[in-house]
Amino acid sequence: MINENIKFVRKKELLSSRMDNEIVMMHPESGKYFALNPVASRIWELLEEPNSINDLVEKLLREFDVTQELCKTEVTVFVGEIIEKKLIDKSE
Amino acid sequence: MKKNIVWLASYPKSGNTWCRIFLSNYLNKTNEPANINKLDIGAIFSSRSIIEENTGYDISELTANECDELRSFAFSKWSENYGDNAFLKTHDAYLALPNGENMFPVESTKAAICFVRNPLDVAVSFANHMATTPEKTVDKMSDSDFCLAASTKKYNQQVRQRLLTWSGHINSWTLQKDFPVLTVRYEDMLENPSREFLSILDFLKMPIDLDKLTKAINNSSFETIKKIEKEIGFKEKPAKCETFFKVGKSGYYKNILSEGSIKKIINDQTDCMKNIIIFQNQGN
Amino acid sequence: MATIYTYTAFGLTFSSEIEIPEFLPTTGESQVLITLGNVPENIEGNSTEGFRFQISKNEFIIRFKPWVSFYVCNGNSIIIQPEKDADERDVRVFLISSVIAILLHQRGWMPLHASGIKVNNKAVLFSANSGIGKSTISLALNRKFGYPLIADDITIISEKEGKPIVHSSFPSAKLWQESIDLLGISNEGLNYIRKDVFKYRYDNRPDFFNGILEPFIVFVLENSDNEKVEISEVKGIEKFNVLRIHIFRLRMVNELYATELFKLISILLNTAKCFKISRPKNGNTLDELCSIVQSIITK
């Protein structure tokens, strides 16, 4: 389980580019691509600055019409995925 | 290097596609018949895109012989992405390159299954497939220079395939000593599909599940796939050919082939027909 | 002293010891030297091996047996080693496609597998795998509506001050007999691209535009099993995916230039619109295709 108060931030070396309202990213060393849907893209944008899961949920709730419970579940899943793919770091 | 390529080799119209549809149904997890246009069962050894993707070359800049030199490398690399069985359909005769090197990726090969059908029925079915006359087809079956996808006038999704004669084709596969080969007769598949498909699974040391076997045989029966073709079409059908799955029977040639054509086939292919005991069924 | 030929193609000036009649002659200082000489056995240091080629970030060796070998380095030099029976066309066909494409990769540019035309001073590109009809559609639009041609097989994308630019390639197309028939061109006097490869070399000098353009639209063509021509605008990530696979010789360079290509494809697609056209794999849909494209580019 990820601590909801630990702040995360994007890895610096990642290249990312916006295509309409979605984001595509690349890990320069592996050459691997990652694509994000619009909601994930918004989370990704927020992660330009250090944010915890709780921070993200709070901010997204202001923008999207979604229950807190669902929002938290989705954010947790997504953050878990991008940790696994080594796309974000814990913020020092 | 993985040793997982399983050749599904045959002269055209000899049960190869039937077996691929069977395997696809045997391996898929649902009870619904597999979509014949999305058969999740390996590839074809003449696929231009696989050769280009695995080598980086543009085949339209190469001669057919130069292209053959890429095939072993390309499909060996292709097979790395598969597990125990990387099925590769082919109508190519089992030939080496002109310089004596392998055209087939022997090092990556596990085994081959060679499908054989009475050449008299092949002639009828193949004539329908190529939208030509049985007489012309019979001549092609005796022509050792006969090739598929040999046109130099247009782009082709398949690369050229050298077939040899009908007999030459079968001998090239059944007499080679590079890897084990199981010969399966189309007529036996018709007569007792369970027995034949079971022997294929057994030969390949694939897990045997009798419920799946029954399901797969039903879902790949001639009536089922003919019906599916009528509903959604079959992308492997040549443009000029009306239906891919047309008759599927044994002995149908008697209604179609002229006496001259029958004589020519029996004369030209006699040894090979004897070897695989087709004459027994003809009452000759 | 051997003759030195100077040409312009792909936005570069080439100085060459072999004649390349497909390219446009020019004068001035060259950025790329094409010489005859010995191709090294191996690339020193780290490299990846493919079928009869070796590649590293700055070097490339390829051997088209038994005709010719090439060594490409630093985006500015090509050494050609022809074997004794090589026909000059056998040498050139590989030189002006794969070999130069790798040189362009080495320069950090993006060669795209696309043909193109000039529409209102902007570039309209047709990207596709071989055999789908890239060359044919560009030529058909040129003949019907007079749009100048900018490329047949490879179109170059590079960057200037953060903006994408398209460089024209050279005024020559490769056509199958089937395309010649469709376009109503006569094959009289046309040469084959190689001695034993029966695709024609078609010079389109009078209809060619040589220069730099801003990108406008990229059409990605594909074959389908459907019966009708279908067109849709591609948006978002799919845009990236459909175009990336059409980078020229991506399967040779793999990840070597991933960063450069990522940046170029991103800026290209942030400027240009992208449409996907599926056409039935059988039958003649060229006229229909031309009308659809014309209606989009004149909208």
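Protein chains in written order, with this note's numbering: chain A, 44 to 135; chain B, 8 to 291; chain C, 719 to 1017.
Just so you know, even glycine gets a beta-carbon here, dropped at the ideal spot from N, CA and C.
On a predicted model such as this, the values are computed, not experimentally measured, just so you know.
Asked	Found
Could you check the C-alpha separation between MET8 (chain B) and PHE769 (chain C) for me, to the nearest Å?	16 Å
For ARG997 (chain C), go through chain B and note every residue whose CB falls closer than 8 Å to its CB, in chain order.	None at all; the shortest Cβ gap to chain B is about 13 Å.
Between the C-alpha atoms of ASN941 (chain C) and ARG997 (chain C), what's the straight-line distance to the nearest angstrom?	5 Å
Does the structure place the region 100 to 111 of chain B close enough to the region 170 to 187 of chain B that three or more beta carbon pairs sit under 8 Å?	yes
Indicate whether at least one CB of chain C lies closer than 7 Å to the CB of ALA3 (chain B).	The shown model of chain B, from 8 to 291, leaves out residue 3 (chain B), and the question about it has no answer.
Examine chain C for any beta-carbon lying closer than 7 Å to the beta-carbon of GLU124 (chain A), and answer yes or no.	no
Buried or exposed for PRO889 (chain C), please, with buried defined as at least 16 other CB atoms from any protein chain shown within 10 angstroms of its CB.	buried
Leaving out the 5 sequence neighbours to the left and right, which residues in its chain are closer than 7 Å to LYS917 (chain C) when beta-carbon positions are compared?	LYS892, LEU893, TRP894, TYR910, ILE911
Going straight from the alpha carbon of GLU877 (chain C) to that of LEU30 (chain B), what length do you get?	50 Å
Can you list, in chain order, the stretches of the alpha helix (DSSP H) that have 4 or more residues and sit fully within the region 767 to 850 of chain C?	806 to 812, 818 to 824
Using the beta-carbon of each residue, which ones in chain A are nearer than 7 Å to ILE773 (chain C)?	Those do not exist, as ILE773 (chain C) stays about 14 Å from chain A at its closest Cβ, beyond 7 Å.
With a cut-off of 8 Å on the beta carbons, I'd call VAL100 (chain A) and ILE45 (chain A) a contact; round off their distance for me.	No, VAL100 (chain A) and ILE45 (chain A) are not in contact; Cβ-Cβ is about 12 Å, not under 8 Å.
Who are the neighbours of ASN1000 (chain C) on chain B, taking C-beta pairs under 8 Å?	ALA246
Which residues in chain A have a C-beta closer than 8 Å to the C-beta of ALA841 (chain C)? List them in chain order.	Neighbours of ALA841 (chain C) on chain A: none; closest Cβ ~20 Å, over 8 Å.
Taking 7 Å as the threshold (beta carbon to beta carbon), is LEU2 (chain A) in contact with chain C?	With chain A covering 44 to 135 only, the question about residue 2 (chain A) has no answer from this structure.
Could you check the C-alpha separation between ASN291 (chain B) and ILE43 (chain B) for me, to the nearest Å?	Note that ASN291 (chain B) scores a pLDDT of 39, beneath 50, so its modelled location is shaky; the value from the coordinates is reported in the next line. Rounded to whole angstroms, ASN291 (chain B) to ILE43 (chain B) spans 37 Å at the Cα level.
Can you give me the start and stop residues for the beta strand (DSSP E) that ARG996 (chain C) sits inside?	The displayed chain sequence assigns Ser, not Arg, to residue 996 (chain C). First-last of the beta strand (DSSP E) with SER996 (chain C): 991 to 998.
Quick one: does the C-beta of LEU859 (chain C) sit closer than 6 Å to a heavy atom of the ligand ADP?	Looking for the ligand ADP in the displayed structure turns up nothing, as the structure carries no ligands at all.
Exposed or buried, what is PRO124 (chain B) when buried is set at 16 or more other beta-carbons lying within 10 Å of its beta-carbon?	Correcting the residue identity first, residue 124 (chain B) is Arg in this sequence and not Pro. Classification of ARG124 (chain B): buried, given that the 10 Å Cβ count is 16 or more.
Could you confirm whether any beta carbon from chain C is found closer than 7 Å to the beta carbon of ASP128 (chain B)?	no
Output yes if chain E places a C-beta closer than 7 Å to the C-beta of THR977 (chain C); else output no.	Absence of chain E from the displayed structure is noted, the protein chains being A, B and C.
Quick one: what's PRO716 (chain C) bridged to in DSSP?	Because chain C here runs from 719 to 1017, residue 716 (chain C) falls outside it and cannot be looked at.
Could you pull the DSSP bridge partners for GLN168 (chain B) from this structure?	B:LEU155
According to DSSP, is MET62 (chain A) part of a helix, a strand, or is it coil?	strand
Can you give the Cα-Cα distance for ILE1014 (chain C) and ILE126 (chain A), rounded to whole angstroms?	43 Å
Which residue or residues does DSSP assign as beta-bridge partners of GLU940 (chain C)?	C:SER996
Among B:VAL113, B:ALA138, B:ARG78, B:LYS261, which residue has its Cα nearest to the Cα of LYS184 (chain B)?	B:VAL113
Measuring straight from C-alpha to C-alpha, what distance separates PHE252 (chain B) and ASP47 (chain B)?	19 Å
In the DSSP assignment, find the beta strand (DSSP E) that holds LEU751 (chain C) and state where it starts and stops.	750 to 754
ALA118 (chain B) lies in the beta strand (DSSP E); which residues open and close that run?	116 to 123
Hey, would you say VAL757 (chain C) sits closer than 7 Å to GLN799 (chain C), going by beta carbons?	yes
Could you tell me the distance, in whole angstroms, from the CA atom of GLU737 (chain C) to the CA atom of VAL817 (chain C)?	16 Å
Quick one, which residues of the region 958 to 977 of chain C are near chain B if we go by CB-CB under 7 Å, in chain order?	ARG967, ARG969, MET970
In the structure shown, what three-state DSSP assignment does TRP173 (chain B) receive?	helix
Among A:LEU90, A:GLU65, A:VAL67, which residue has its Cα nearest to the Cα of VAL52 (chain A)?	A:LEU90
Cutting at 8 Å between CB atoms, please list the residues of its own chain near LYS999 (chain C), excluding the five before and the five after it.	ASN941, SER942, ASP943
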